[in-house]
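Chemist:
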Amino acid sequence: MDEVHRLYSIYFSRNGAVPPGLELRLDADSSIRTNSTDSRENSQCASAPSHRECSSSWPSSWIRQASLKLFKFYIFGKHSAKGLFIIFWYELSMDPRVRLSPWSPPVKNEVKLSWDEVFLTRQRRIFFIFNHCVSLLGIYYCLTGQVKIATVIWAALLGSLSLIAVTAGAHRLWSHRAYKARWPLRLAMAAFQTVAVQYSVLNWVRDHRVHHKFVDTDADPHNSRRGFFFSHIGWVLVLPHPAVQEKKSRIDTRDVESDWVVAAQYKYYLPLSVLLGYIVPTLVPWYFWSEGLWTSHIVAAQLRHVLTSHGTFLINSAAHMWGTRPYDKNIKPTENMLVSVASMGEGWHNYHHTFPWDYKNAELWDYKVNLATAWVDLFAWLGQVYERKTVSPEMVAKRARRTGDGTHPHHHHGPGVWGWNDDDVPQEDRAITRIIDNKAA
Ligand SMILES: [Zn+2]
Ligand SMILES: [Zn+2]
1 MDEVHRLYSI YFSRNGAVPP GLELRLDADS SIRTNSTDSR ENSQCASAPS
51 HRECSSSWPS SWIRQASLKL FKFYIFGKHS AKGLFIIFWY ELSMDPRVRL
101 SPWSPPVKNE VKLSWDEVFL TRQRRIFFIF NHCVSLLGIY YCLTGQVKIA
151 TVIWAALLGS LSLIAVTAGA HRLWSHRAYK ARWPLRLAMA AFQTVAVQYS
201 VLNWVRDHRV HHKFVDTDAD PHNSRRGFFF SHIGWVLVLP HPAVQEKKSR
251 IDTRDVESDW VVAAQYKYYL PLSVLLGYIV PTLVPWYFWS EGLWTSHIVA
301 AQLRHVLTSH GTFLINSAAH MWGTRPYDKN IKPTENMLVS VASMGEGWHN
351 YHHTFPWDYK NAELWDYKVN LATAWVDLFA WLGQVYERKT VSPEMVAKRA
401 RRTGDGTHPH HHHGPGVWGW NDDDVPQEDR AITRIIDNKA A
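The sequence shown runs contiguously to residue 441 in UniProt numbering.
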């Protein structure tokens, strides 16, 4: 209550309207005290709040409380507004060639940026901040049961189908040419890839081919040597390294450009992604089972988009950092079960970077942790997919023996050898041995 007195005293003294019976006095320690400290008067007020003198000295208690709340709200609002202003000012004015924060070193960039590129980066950052904030609200709605089950199922279905379209379509079909598909399936996958809102197939392919060709170097768009945050999401929020720009302009994507499905999606990408990624997911629950428009938008559009994006992002971050390297220990990509679950089967990433043209993206494991392969096989059975490319187990085993880190499940360590005359010394090892001063020869 002391604080209330203090705030009121300051407020009233500033306005020159000191409440009657209250005399302000500044103490040596700068705290303001009143002269109404007479114990008899105070006890009188406490025992009889309706006492005429007391009630005339101070506004009634609820007004006091309300005013204090208002005052605190004002202070809070002032600071928040200042914070938001700083964030947006920083976002809008910062040179995009400077890295994620003002305290990280700038990258020397000789590539001239167009205003479109600068504006695009700004848009993305503001969009991503907004997207993640409202998604937290979406999680809260789901946890507190403010969403209809049908809406959650709709969001999950849409999320899964769009992830499969990214994995089986944009990735295995268009980026790696691991199999061929007839146009109805290609059209369906391009549509669901648009639902995922991860840029057009052509942009996706360009980024991904450069990623494979120059993996974990400056020319890799999501170079994992620059840390988890950068390879996960940061790379989308800053302009690419000049080496990426340069390699991207040279990578061959003519095969994808000549596909009319990809060309049409590229041409109308902006309206299509807004319609399929945001408007349709919002309207369906509202129209068919009377979900609230706001709830529907937050859960089926915003939250669903954020979660599927992170499923894909994990391949670039976690599956380039944590896990085993049974096929090639000299590269960063790893085998990671969790990423496979999150991305419908893309976590077998050490295998994938070793044999990128294999349509299964993995050597072992079944459909449970590789739903995209189940999808491709299903459509092969339906006659929509043909020419699936894969690598023979012998070839894989040979490669794993040669460059793997020894964690391959079928990896067998042969018996040790004690020396030259041991019968277990492999024939090929004998053949490459040099014998100096060989008397027998
Ligand atoms: Zn990769
Ligand atoms: Zn790939």
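Even glycine gets a Cβ: it sits at the ideal position worked out from N, Cα and C.
Is the CB-CB distance between Ser135 and Leu382 below 8 Å?
Modeler: Here residue 135 refers to the residue found at position 135 when the sequence shown is read from its first residue. Here residue 382 refers to the residue found at position 382 when the sequence shown is read from its first residue. The answer is no: Cβ separation not under 8 Å.
Chemist: What is the C-beta distance between Lys329 and Thr403, in whole angstroms, given that I count them as a contact (C-beta under 8 Å)?
Modeler: Sequence index remark: in the sequence shown, residue 329 carries index 329 (1-based). Sequence index remark: in the sequence shown, residue 403 carries index 403 (1-based). Confirmed, Cβ separation roughly 6 Å.
Chemist: Counting Cβ pairs, one atom from each stretch, are 3 or more of them under 8 Å apart for the segment 147–162 and the segment 293–302?
Modeler: Enough Cβ pairs lie closer than 8 Å, so yes.
Chemist: Have a look at Thr433, Asn370, Ser317 and flag the residue whose alpha-carbon is nearest the alpha-carbon of Trp420.
Modeler: What you label residue 420 is simply residue 420 of the sequence shown in a count that begins at 1. Measuring from the Cα of Trp420, the nearest candidate turns out to be Thr433.
Chemist: Nearer than 7 Å: is that true of the beta carbon of His349 relative to any heavy atom of ligand 1?
Modeler: Translated into the one-based positions of the sequence shown, residue 349 becomes position 349. True, at least one ligand heavy atom lies under 7 Å from that Cβ.
Chemist: Mind the definition here: the segment 318–325 touches the segment 288–296 only if three or more C-beta pairs lie below 8 Å; say whether that holds.
Modeler: no
Chemist: Does Gln65 pass the burial test, meaning 16 or more other C-beta atoms within 10 Å, or should it be called exposed?
Modeler: Taking the first residue of the sequence shown as 1, we reach residue 65 at position 65. A residue is called buried once 16 or more other Cβ atoms fall within 10 Å of its Cβ, and Gln65, having fewer, is exposed.
Chemist: Can the beta-carbon of Ala318 be found closer than 8 Å to that of Gly345?
Modeler: Within the sequence shown, residue 318 is the residue found at index 318, counting from 1. Within the sequence shown, residue 345 is the residue found at index 345, counting from 1. Not a contact, by the Cβ cut-off of 8 Å.
Chemist: Counting Cβ pairs closer than 8 Å, one from the segment 194–209 and one from the segment 262–277, do we hit at least three?
Modeler: In short, these stretches touch, since the Cβ pair count reaches three.
Chemist: Go through its chain and collect everything with a Cβ distance to Asp95's Cβ below 6 Å, but skip five positions before and after it.
Modeler: Counting from 1 along the sequence shown, the entry for residue 95 is found at position 95. In this prediction, Asp95 has a pLDDT of 45, which is less than 50 and means its spatial position is unreliable; nothing more can be read from the coordinates.
Chemist: Given this structure, state the Cα-to-Cα distance separating Ser340 from Ile75, to the nearest angstrom.
Modeler: Counted from its first residue, the sequence shown places residue 340 at position 340. Counted from its first residue, the sequence shown places residue 75 at position 75. Whole-angstrom Cα-Cα distance: 48 Å.
Chemist: Between the segment 204–215 and the segment 250–262, are three or more C-beta pairs nearer than 8 Å?
Modeler: Contact between the segment 204–215 and the segment 250–262 is established, with three or more Cβ pairs separated by less than 8 Å.
Chemist: Starting from Ile315 and walking both ways along the alpha helix (DSSP H), at which residues does that stretch end?
Modeler: The residue given as residue 315 occupies position 315 in the sequence shown. 304–316 is the extent of the alpha helix (DSSP H) around Ile315.
Chemist: So, are the CB atoms of His232 and Asp220 less than 8 Å apart?
Modeler: Within the sequence shown, the letter at position 232 stands for residue 232. Within the sequence shown, the letter at position 220 stands for residue 220. For His232 and Asp220, no; Cβs fall outside 8 Å.
Chemist: Please name the residue, chosen from Cys133, Arg186, His408, Lys82, that lies closest to Tyr386 on a Cα-to-Cα basis.
Modeler: Position 386 of the sequence shown, counted from the first residue, corresponds to residue 386. The shortest Cα separation from Tyr386 among Cys133, Arg186, His408, Lys82 belongs to Arg186.
Chemist: For ligand 2, I want to know if Ser175 counts as a neighbour, meaning its beta carbon is within less than 7 Å of at least one of the ligand's heavy atoms.
Modeler: By one-based count along the sequence shown, residue 175 stands at place 175. Because some heavy atom of ligand 2 lies under 7 Å away, the Cβ of Ser175 counts as near it: yes.
Chemist: May I ask which residues mark the beginning and end of the alpha helix (DSSP H) holding Ile164?
Modeler: As a working note, residue 164 is residue 164 in the sequence shown. Here the alpha helix (DSSP H) through Ile164 covers 149–164.
Chemist: Going by the C-beta, is Pro333 closer than 7 Å to any heavy atom of ligand 1?
Modeler: What you label residue 333 is simply residue 333 of the sequence shown in a count that begins at 1. For ligand 1, at least one heavy atom lies less than 7 Å from the Cβ of Pro333.
Chemist: In angstroms, rounded to a whole number, what distance separates the CA positions of Leu237 and Phe313?
Modeler: Residue 237 sits at position 237 when you count from the first residue of the sequence shown. Residue 313 sits at position 313 when you count from the first residue of the sequence shown. Looking at the two C-alpha atoms, the distance is approximately 13 Å.
Chemist: Can you tell me whether DSSP reads Trp375 as helix, strand or coil?
Modeler: Taking the sequence shown and counting its residues from 1, one reaches residue 375 at position 375. In the structure shown, the three-state DSSP call for Trp375 is helix.
Chemist: Would you please verify whether the beta carbon of Ala263 is less than 8 Å from any beta carbon of chain C?
Modeler: The structure shown contains no chain C; it holds only a single protein chain.
Chemist: Going by beta carbon distance, what residues of the same chain come within less than 6 Å of Asp259, once the five residues before and after it are set aside?
Modeler: Locating residue 259 in the sequence shown gives position 259, where the first residue counts as 1. Within the same chain, Asp259 has no close Cβ partners at all.
Chemist: Looking at Arg399 and Thr354, is the spacing between their C-beta atoms short of 8 Å?
Modeler: For the purposes of this step, residue 354 is taken as the residue at position 354 of the sequence shown. For the purposes of this step, residue 399 is taken as the residue at position 399 of the sequence shown. For Thr354 and Arg399, yes; Cβs fall inside 8 Å.
Chemist: Would His241 and Asp218 qualify as a contact pair, given that the criterion is a beta-carbon distance under 8 Å?
Modeler: Within the sequence shown, the letter at position 241 stands for residue 241. Within the sequence shown, the letter at position 218 stands for residue 218. A contact, by the Cβ cut-off of 8 Å.
Chemist: On a CA-only basis, which of Val201, Met321, Thr144 is nearest Arg165? Give me that one, please.
Modeler: For the purposes of this step, residue 165 is taken as the residue at position 165 of the sequence shown. In the sequence as presented, Arg is not what sits at residue 165; that position holds Ala. Answer by Cα proximity: Val201.
Chemist: Pop quiz: Met337 and Ser224 are said to be a contact at Cβ under 8 Å. What is the actual Cβ separation, rounded to whole angstroms?
Modeler: Counting from 1 along the sequence shown, the entry for residue 337 is found at position 337. Counting from 1 along the sequence shown, the entry for residue 224 is found at position 224. With 8 Å as the limit, Met337 and Ser224 do not qualify as a contact, their Cβ atoms being about 18 Å apart.
Chemist: With 16 as the cutoff for other CB atoms within 10 Å, does His222 come out buried or exposed?
Modeler: The residue labelled residue 222 in the question sits at position 222 within the sequence shown. So His222 counts as buried.
Chemist: According to DSSP, simplified to helix, strand and coil, what is Thr403?
Modeler: Within the sequence shown, the letter at position 403 stands for residue 403. Residue state, collapsed to three classes: helix.
Chemist: Would Tyr179 and Val376 be called neighbours here (beta carbons separated by less than 8 Å)?
Modeler: Residue mapping note: residue 179 aligns to position 179 of the sequence shown, counting from 1. Residue mapping note: residue 376 aligns to position 376 of the sequence shown, counting from 1. A Cβ-Cβ contact shorter than 8 Å links Tyr179 with Val376.
Chemist: According to the neighbour-count rule (16 or more other Cβ atoms, all chains shown, within 10 Å of its Cβ), is Ile315 buried or exposed?
Modeler: Residue numbering aside, residue 315 sits at position 315 when the sequence shown is read from its first letter. Its Cβ being crowded by 16 or more others within 10 Å, Ile315 is buried.
Chemist: Return yes when the Cβ of Trp174 is within less than 8 Å of the Cβ of Val262, no when it is not.
Modeler: On the sequence shown, position 262 is the one that residue 262 refers to. On the sequence shown, position 174 is the one that residue 174 refers to. Closer than 8 Å, so yes.
Chemist: State the start and end residues of the unbroken alpha helix (DSSP H) segment that holds Glu246.
Modeler: Position 246 of the sequence shown, counting from 1, holds the residue named residue 246. Counting along the chain, the alpha helix (DSSP H) containing Glu246 begins and ends at 242–250.
Chemist: Can you say whether Phe230 is buried or exposed, counting buried as having 16 or more other CB atoms within 10 angstroms of its CB?
Modeler: Sequence index remark: in the sequence shown, residue 230 carries index 230 (1-based). With 16 or more other Cβ atoms from the protein chains shown falling within 10 Å of its own Cβ, Phe230 counts as buried.
Chemist: Give a single yes or no on whether Val215 has its beta carbon closer than 7 Å to a heavy atom of ligand 1.
Modeler: One-based indexing of the sequence shown puts residue 215 at position 215. Flag set: Cβ of Val215 near ligand 1.
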